[in-house]
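> Chains as they are written, first to last, in this note's numbering: chain A, 9 to 480; chain B, 328 to 596. Think of the CB as a built atom: it goes at the ideal place given N, C-alpha and C, for glycine as much as any other residue. Could you have a look at this structure, given as C-alpha cells, before my questions?
This is the structure in C-alpha cells:
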C-alpha cells in the first residue's frame, strides 16, 4: 500500500472534526479496554502466559533458521508448496502466477494484513482478476473503496448509517431498506454466499505457522476464512516469517493470548489449523495449497535493535488502548498498520523519512506496553525511532536547536537558575494577575490550543533559603 | 559541581535526610509546590535540603531522542544526589526518569551508580505513604474548608505505570479528610506528554478535553494530581475553553497552606 504518513497531522485534524466517527472511536476506546481487562482478569495469571509465550517466541526468532527448516520440511511433507517472497511485489507476482496457472478468474479472500501491506487486491484487479473480500469488515471497506482503519476491525470507523447507505447504493435491494444491523449482515451474507460458491482460488492469512506439524493457524469470528480455504480448489496462504512457532502447544498458548487481547473473547468462533491439500478419502478441502512467506524487511528488523517488534501477534490491543489512536483514528496514520504498532512498523517497513511524525504521536503514557500480549516495549521503540529521526535530522530544525540549547543549559546550574529566575519573574509580570498567558515566545505550539498558566512569581531557587540561611 | 553544603546521610536512628529534587516545572512555574513538599517532609520528621546544582531530570531531550544529551544530564543528577539518604521528587514523571530510565540509559559503572540512586529515589506521595508512614506521623494542617472541596484525582501515567502509584495519594488525601472522586477513565493519559502537547496540539487538546469532561462529570470542583506537567497543560486548556475547574498539586492540598491561587487562576487582591 502507498504510504501517506507525512500527512498525519492534517489527517488527524480531519478525523477530529468528524463528530459521528469521533464518537464511534470514543465508544470503542471505552468498551474495548473494558472487554480486554475482563477477559485478562478472568483468565487468571495472564502475565505469566505473556511471559511464557514471549520467551518461546524470543527463542524461535533467535533460531529462526532452524524452525523455518523444520516448518518447510513438514509443510512440504503435507503436500504444500512453500514460496518465499522478499518484496511485496514478489508476493503479488507469485500469487498472480498461481492464479494464472489454474486459469482462475474469481478470487475470494479472507482478512489478511500482509496482503494489505503488498496491496495484493490492486495488483490482482489490475491484472484482470475479480477479487472479493469476504470478512464482513473488509467487504464493507472494499465496497466503499477504503482501507482498513483498524487491524482487527477494518471497518470500525464506519457508522451504521454509512454502511446502510453504502449497501443501498451498491446492492439491488428492491423494496428492502435494511433497517437493522441484523438485516445488513444478512444482506452481506447473501451476497458473499454466491461469491464463496463461485471462488476459484481462496487466499487467507495466518495467525501462526507451526514448525513441528507444518500447519498454519487461522482464527476468525465469521467462518469466512474456512470457506475461502475449503471451497475453492486452490488455497494460497499469504503470511510472514515471524508467525513461526515451534510446537502445537505454543499455538494453543498463542490462541489464549490472542482472542482475549483482540476482542476480549476467551476463544474466537472459528479456530482452524490447515495442514495442506485434501488427502485421499477427505470429504472436502482444496486440491492444491500454497504458502507464500513474505519477508519485506523483516529479516532486517530481526538483525536490528527493533527485533522485539517481530513478536507482535496483531491483536490490536495497543490501538484500542492508545488515546492518540482513539483521537486521530486509524486512517490518520497513512499506511497499513495504525496506532502504536503502526508507528513502529511503518518506519521500519517503509521509510522513516516519510513517516517520522508517527513515532512522535506518543505521550509515552505506556498503556500500550501494559496491555501488549507480546510484551513489546512500544514506548521505548518509539523513543528509539525518535532518536533516529533526530540523528537523520528529520525533525524540524528549530526543535532540534531548541532542545540542544536546553540540554546544554541544564549542565550549567548557575546560568540555568539565572535564566529561569528571570523568566519566572518576567512571565509572572506579563500575566498581570490574570494567572495565564496567551502569547509567549517559543510556545506557539502549546498556545495554539491552550493558555499557559503563568509562574506565580520568583522561581523556587530564587526564593529558597536553605535551612542554615542562604546557601548560595 | 556538587554543592559543598549538601548534608550527609543520617546515621541509624537519626532523622531521615532527604534531598529534594524540585523539578524544573515546580522551580519555574509553581515554587509553592516545592515549599509545600518541604513542609510536608519536615513535618514528617525529615531533615530536608535542596542541592543547588540541580536543574532538570533531562526528559525533554531524552523523550525527543537526544540520548547523548540525556546521559550527560543523568550523570550530573547522579553526582548531585547520590550522597543523599533519600531523594524525594514531587512528580511521578521525573521520579520515573531517575528510577527507570537512568539505569537503562547509562552503562557500566554509571549504570550501577544510577541503580544505587534509583533505590533511594521516591515520588513524594509514595515516600510519605510507603516509607514514612510506619515511622513518623505526617502532621496534617488541611483547613476544614479545603477538606470539604470536591476533589477528583488524575493519575499521571509515569507514576501510575512506571512506579505503581495509585493508592498512596488517595490514602494520604483520605487521611487528611479529603475524599477523592474517581474518574471514569483514571488510567488514560491527559494529553500532556511533555513536548507532545506542543508538537501535536490538536490531538493533545482533544485528550485534555476528554479528561476535563471526565473530571467535571464527577462533580468535582478541583482536579488534583502529582505531576505539575499534566496540571499546567490541563489548567491551560480549561482556561482557554472556559471549563470551571480548579487545579492543584497534591502536595499543596496535603500541606494545606494554599499559598497561591489554583493553577492558572487570577491572583486575588
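In the DSSP assignment, what residue or residues form a beta bridge with residue 1 of chain A?
The first residue shown for chain A is 9 and the last is 480, placing residue 1 of chain A beyond what the model contains.
> Here's a check: name, in chain order, each residue in its chain whose Cβ is nearer than 6 Å to the Cβ of residue 511 of chain B, leaving out the five neighbours to either side.
541.
> Anything in chain B within Cβ reach of residue 468 of chain A, meaning under 7 Å, just list it in chain order.
Per Cβ cutoff of 7 Å: 349, 353, 354, 358 and 361.
> Assuming residue 417 of chain B contacts residue 451 of chain B (C-beta within less than 8 Å), just tell me the rounded distance between them.
With a Cβ gap of about 4 Å, residue 417 of chain B and residue 451 of chain B count as contacting.
> Please go through the same chain and pick out, in chain order, the residues whose beta-carbon is closer than 6 Å to the beta-carbon of residue 229 of chain A, but skip the five residues on each side of it.
Within the same chain, residue 229 of chain A has close Cβ partners 276 and 277.
> For a quick check, are the C-beta atoms of residue 501 of chain B and residue 549 of chain B less than 8 Å apart?
Not in contact: residue 501 of chain B and residue 549 of chain B (Cβ atoms no closer than 8 Å).
> Does any CB atom of chain B fall closer than 8 Å to the CB of residue 314 of chain A?
With 8 Å as the cut-off, residue 314 of chain A does not count as an interface residue toward chain B.
> Going by other Cβ atoms of all chains shown within 10 Å of its Cβ, with 16 needed for buried, is residue 492 of chain A buried or exposed?
Residue numbering for chain A in the displayed model covers 9 to 480; residue 492 of chain A lies beyond these limits and cannot be assessed.
> For residue 272 of chain A, I'd like the list of residues in its chain whose CB is within less than 7 Å of its CB, leaving aside the five on either flank, ordered along the chain.
Taken in chain order, the residues that qualify are 43, 44, 46 and 47.
> Can you tell me the Cβ-Cβ gap for residue 399 of chain A and residue 360 of chain A, rounded? I've got them flagged as a contact below 8 Å.
Their Cβ separation, rounded to whole angstroms, is 10 Å, which puts residue 399 of chain A and residue 360 of chain A out of contact at 8 Å.
> Do residue 116 of chain A and residue 240 of chain A come within 8 Å of each other at the CB atom, strictly closer than that value?
Cβ distance < 8 Å, so residue 240 of chain A and residue 116 of chain A count as in contact.
> Taking the alpha-carbon positions, what's the residue 311 of chain A to residue 69 of chain A distance?
When rounded, the distance between both Cα atoms is 10 Å.
> Which residues in chain A have a C-beta closer than 7 Å to the C-beta of residue 387 of chain B? List them in chain order.
The contacting residues are 411 and 414.
> Tell me the rounded alpha-carbon separation between residue 373 of chain A and residue 292 of chain A.
Answer to the nearest angstrom: the Cα atoms are 50 Å apart.
> Do the stretch 18-31 of chain A and the stretch 328-347 of chain A touch if we need at least three Cβ pairs shorter than 8 Å?
The stretch 18-31 of chain A vs the stretch 328-347 of chain A: in contact.
> According to DSSP, is residue 505 of chain B part of a helix, a strand, or is it coil?
Coil, per DSSP.
> Are residue 461 of chain A and residue 591 of chain B close, meaning C-beta to C-beta below 8 Å?
A contact, by the Cβ cut-off of 8 Å.
> Give the straight-line distance between the Cα atoms of residue 185 of chain A and residue 129 of chain A, rounded to the nearest whole angstrom.
Using only the alpha carbons, I get a separation of about 30 Å.
> Would you call the CB atoms of residue 418 of chain A and residue 570 of chain B closer than 8 Å?
Not a contact, by the Cβ cut-off of 8 Å.
> Does DSSP classify residue 288 of chain A as helix, strand or coil?
If DSSP states are grouped into helix, strand and coil, residue 288 of chain A belongs with coil.
> Nearest CA to the CA of residue 430 of chain A: which residue from A:463, A:118, A:407 and A:401?
Selected option, being the one with the closest Cα: A:463.
> With distances taken Cα to Cα, identify the nearest neighbour of residue 249 of chain A among A:303, A:167, A:377 and A:255.
Checking every option, the nearest Cα to that of residue 249 of chain A belongs to A:303.
> For residue 381 of chain B, which residues in chain A fall below 8 Å Cβ to Cβ?
Going along chain A in sequence order, the residues near residue 381 of chain B (Cβ under 8 Å) are 421.
> How do the stretch 306-325 of chain A and the stretch 136-143 of chain A stand: do at least 3 beta-carbon pairs fall below 8 Å, yes or no?
No, the stretch 306-325 of chain A does not touch the stretch 136-143 of chain A.
> Might you give, ordered along the chain, the residues of its own chain that have their beta carbon closer than 7 Å to the beta carbon of residue 256 of chain A, omitting 5 neighbours on each side?
Cβ within range, chain order: 218, 220 and 221.
> Nearest-angstrom Cα distance between residue 573 of chain B and residue 474 of chain A?
Whole-angstrom Cα-Cα distance: 31 Å.
> Given that a residue counts as buried once 16 or more other Cβ atoms are within 10 Å of its Cβ, and exposed if not, what is residue 472 of chain A?
Residue 472 of chain A is buried by the Cβ-count criterion.
> If contacts are defined as beta-carbon pairs under 8 Å, then residue 7 of chain A and residue 159 of chain A qualify, I think. What distance do you get, rounded to the angstrom?
No statement about residue 7 of chain A is possible, as the shown extent of chain A runs from 9 to 480 and does not include it.
> Could you tell me the boundaries of the beta strand (DSSP E) in which residue 4 of chain A lies?
Coverage of chain A is limited to positions 9 through 480, which leaves residue 4 of chain A absent and any answer about it impossible.
> Is the stretch 480-494 of chain B touching the stretch 414-429 of chain B in the sense that three or more CB pairs, one from each, lie closer than 8 Å?
In short, these stretches touch, since the Cβ pair count reaches three.
> Mark residue 437 of chain A as exposed unless 16 or more other C-beta atoms lie within 10 angstroms of its C-beta, in which case mark it buried.
Residue 437 of chain A should be labelled exposed.
> When the Cα of residue 482 of chain A is compared with those of A:247, A:227 and A:289, which residue comes out closest?
Residue 482 of chain A lies beyond the stretch modelled for chain A, which goes from 9 to 480, so this question has no answer here.
> Against chain A, which members of the stretch 548-570 of chain B pass a CB distance test of less than 7 Å?
Cβ contacts with chain A: 559, 560, 562, 563, 564, 566 and 567.
> Measure from the alpha carbon of residue 77 of chain A to the alpha carbon of each residue in A:65, A:66 and A:90, then state which is nearest.
Measuring from the Cα of residue 77 of chain A, the nearest candidate turns out to be A:90.
> For a test of the three-state rule: what should DSSP assign to residue 564 of chain B, helix, strand or coil?
DSSP places residue 564 of chain B in helix when its eight states are reduced to three.
> Got a sec: is the Cβ-Cβ distance from residue 418 of chain B to anything in chain A below 8 Å?
Cβ-Cβ to chain A under 8 Å: no for residue 418 of chain B.
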